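Start counting the sequence shown at 14; every next residue gets the next number (this note's numbering). Before any comments, here is the structure.
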Amino acid sequence: MKQEIARLGYALLGLLHGNPSSGYDLRKIFALTPMSTFSDSPGAIYPALRRLQRAGLVRGQVEGGSGSRRRQVFQPTSTGTAALKQWLTLPLEHEDVVRRMEELSLRFAFMDLVVGKHGSVRFLKSLERELKAYVPTLRRYLESMKAKMPLSSRLALENGIRGYETHLRWARAAVSAYEKEV
14 MKQEIARLGY
24 ALLGLLHGNP
34 SSGYDLRKIF
44 ALTPMSTFSD
54 SPGAIYPALR
64 RLQRAGLVRG
74 QVEGGSGSRR
84 RQVFQPTSTG
94 TAALKQWLTL
104 PLEHEDVVRR
114 MEELSLRFAF
124 MDLVVGKHGS
134 VRFLKSLERE
144 LKAYVPTLRR
154 YLESMKAKMP
164 LSSRLALENG
174 IRGYETHLRW
184 ARAAVSAYEK
194 EV
């Protein structure tokens, strides 16, 4: 039976790829970056690491000898790296843009290291294409419903649309940054 990996599990696999770390090190990254939305709680991170370890996706090695503080350092197994790569290369679909923008950002964060720059550009172009199609749909909906919506609803929808427009501008700028590197 194939085990489902939660977003936190993928976040941990991505962080550990090429950078073996202890649970404490991982907690610091979550606490100090926007990744805190995935959890900086030891009550979530350590159980997630244990689940990944039981599934054979990460392995832990105890470091530090007598007299020094011992800590367990985790790194992905080849199976864990393969699972991460499979997740990163999932086709980007309309529903991902509508419901999972945070997850798309998380996926993108690990792409260069795992699937390379060409994979990153493919992802960005897919994201750009989906956003370019979705923003006008939202704008048309707002226009058609504007007279029937309370001001707070209109403003909330406008905020959401602007968020998607910001993501679209970012995706275009990111593609441009990659093209300048080549």
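Built from N, CA and C at the ideal position, the CB exists for glycine as well. Quick caveat: nothing in here was measured; it's all calculated off a predicted structure.
Under the assumption that residue i contacts residue j (Cβ atoms under 8 Å), give the Cβ distance between them as a whole number of angstroms.
i	j	result
Lys138	Val188	6 Å
Ile18	Ala96	6 Å
Val128	Leu101	5 Å
Arg84	Phe51	22 Å between Cβ atoms; not a contact.
Please work out which residues of its chain come closer than 8 Å, Cβ to Cβ, to residue i, disregarding the five sequence neighbours upstream and downstream, and give them in chain order.
i	result
Leu181	Glu141, Leu144, Lys145 and Val148
Glu194	Lys130
Gly56	none
Quick one: what's got a C-beta closer than 6 Å to residue i's C-beta in the same chain, skipping five residues either side?
i	result
Ile203	Because the chain here runs from 14 to 195, residue 203 falls outside it and cannot be looked at.
Gly93	Leu26, Leu70 and Val71
Would you list the one or two residues that DSSP bridges to residue i?
i	result
Gln7	Given that the chain is displayed from residue 14 to residue 195, the structure contains no residue 7 and the question cannot be resolved.
Ser34	Phe87
From what residue to what residue does the alpha helix (DSSP H) around residue i run?
i	result
Lys98	Ser91 to Leu101
Pro104	Counting along the chain, Pro104 falls outside any alpha helix (DSSP H), and DSSP gives it neither H nor E.
Ser49	Segment: none, Ser49 is in no alpha helix (DSSP H) and carries neither H nor E.
Ala184	Leu164 to Glu194
Please return the same chain residues whose Cβ sits closer than 7 Å to the Cβ of residue i, not counting the five positions on each side in sequence.
i	result
Leu28	Ser34, Leu39 and Ile42
Thr179	none
Met48	Ala24 and Ile42
Q | Three-pair Cβ contact test at 8 Å for the region 141-155 versus the region 82-99 | A | no
Q | the region 161-172 touching the region 111-122, judged by at least three CB pairs closer than 8 Å | A | no
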